[in-house]
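Engineer: In our numbering, the protein residues as written are 4 to 202.
1) State the start and end residues of the unbroken alpha helix (DSSP H) segment that holds residue 20.
2) Please look up how many angstroms separate the CB atoms of residue 54 and residue 90, rounded, as I've assumed it's under 8 Å.
3) Do you know how far the Cα of residue 46 is from the Cα of residue 21?
4) Measure the Cβ-Cβ separation of residue 44 and residue 116 and say whether it is below 8 Å.
5) By a C-beta neighbour count over all protein chains shown, 10 Å radius and 16 as the cutoff for buried, is residue 174 buried or exposed?
6) Can you tell me which of the three DSSP states residue 109 falls into?
7) Measuring CB atoms only, is the segment 103 to 118 touching the segment 136 to 155, in the sense that at least three cross pairs come out at less than 8 Å?
8) Exposed or buried, what is residue 86 when buried is set at 16 or more other beta-carbons lying within 10 Å of its beta-carbon?
9) Using the rule of at least 16 other Cβ atoms within 10 Å of the residue's Cβ for burial, across every protein chain shown, is residue 145 buried or exposed?
10) Go ahead and pull the three-state DSSP assignment for residue 89.
11) Can you tell me the Cβ-Cβ gap for residue 148 and residue 111, rounded? I've got them flagged as a contact below 8 Å.
12) Does residue 109 pass the burial test, meaning 16 or more other C-beta atoms within 10 Å, or should it be called exposed?
13) DSSP on residue 60, reduced to helix/strand/coil?
14) Helix, strand or coil for residue 42? Go by DSSP, reduced to three states.
15) Which residues in the same chain have their Cβ closer than 8 Å to the Cβ of residue 25, if we skip the five residues on either side of it in sequence?
16) Checking 8 Å against the spacing of the C-beta atoms, do residue 130 and residue 154 come in under that value?
17) Per DSSP, residue 151 is paired with what?
18) Which residue or residues does DSSP assign as beta-bridge partners of residue 142?
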């Protein structure tokens, strides 16, 4: 019997119908503000909550694939009575074209993404040319893409991919804008362990 998994590419497998339904429902029920911050890979929502509290004038959206973490994050936002932040259980590559307008994003955060170590899985990394094509359209001129990782080879790969993309340019360390956020849980843990934070 043939291996049925070979009939579909990785992108098709990941874009399941329930994710599309959630994104469409979110887009139809949430009027997002013109100034919007996006966190890709929200996890349990600790960073998203900090961001929303620090920037009540902006909308904040998090996207997270793991539904159990989305449930925890939504409960935490509700308990804190935070109304300018939302979280969607879906792939960011589905959320962006459906729910985000071109030029709407002021800041995008990719904090400690999955390194996808195996060579055959590296095409699933979030910082890749096709996803950057989409992201660049959704970010306004002068918007910032904030990336953090404690995996040196991944930092190098992301930096190379971004440098090669015409829609992004590196910022010299002396010209870094003031970071509009506090440390994520992962970053705090990394620093306590005396491991380097890259990119």
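A virtual CB, placed ideally from N, CA and C, is assigned to each residue, including glycine. Just so we're clear, the structure is a prediction, and the values are computed from it rather than from any experiment.
Structural biologist: Once the coordinates are examined:
1) Counting from one through the chain shown, the residue named residue 20 turns up at place 17. That run of the alpha helix (DSSP H) goes 20 to 32.
2) Residue numbering aside, residue 54 sits at position 51 when the chain shown is read from its first letter. Residue numbering aside, residue 90 sits at position 87 when the chain shown is read from its first letter. The Cβ separation is near 12 Å, so there is no contact.
3) The residue labelled residue 21 in the question sits at position 18 within the chain shown. The residue labelled residue 46 in the question sits at position 43 within the chain shown. Computed Cα separation, rounded: 19 Å.
4) For this step, residue 44 is matched to residue 41 along the chain shown. For this step, residue 116 is matched to residue 113 along the chain shown. Yes; because the gap between Cβ atoms is below 8 Å, this pair is in contact.
5) As a position in the chain shown, residue 174 is number 171, starting the count at 1. Residue 174 is exposed by the Cβ-count criterion.
6) By one-based count along the chain shown, residue 109 stands at place 106. Residue state, collapsed to three classes: strand.
7) yes
8) Locating residue 86 in the chain shown gives position 83, counting from the first residue. Answer is exposed; the Cβ neighbour count stays below 16.
9) Within the chain shown, the letter at position 142 stands for residue 145. Exposed.
10) Stepping through the chain shown from its first residue, residue 89 is reached at position 86. Here residue 89 sits in strand by DSSP.
11) Sequence index remark: in the chain shown, residue 148 carries index 145 (1-based). Sequence index remark: in the chain shown, residue 111 carries index 108 (1-based). About 5 Å; that satisfies the 8 Å criterion.
12) Counting from 1 along the chain shown, the entry for residue 109 is found at position 106. Buried, since its Cβ has 16 or more Cβ neighbours within 10 Å.
13) One-based indexing of the chain shown puts residue 60 at position 57. Looking at residue 60 - three-state DSSP - the assignment turns out to be coil, as it is neither helix nor strand.
14) Within the chain shown, residue 42 is the residue found at index 39, counting from 1. Correct three-state label for residue 42: strand.
15) As a first step, residue 25 is located in the chain shown; it is residue number 22 there, counting from the start. 91, 92 and 93, listed in sequence order.
16) The count along the chain shown starts at 1 and reaches residue 130 at position 127. The count along the chain shown starts at 1 and reaches residue 154 at position 151. The Cβ-Cβ distance between residue 130 and residue 154 does not fall below 8 Å.
17) On the chain shown, residue 151 is found 148 positions in, with the first residue counted as 1. For residue 151, which the question treats as bridged, DSSP gives the partners 114.
18) Indexing the chain shown from 1 puts residue 142 at position 139. Answer by DSSP bridge pairing, in chain order: 108.
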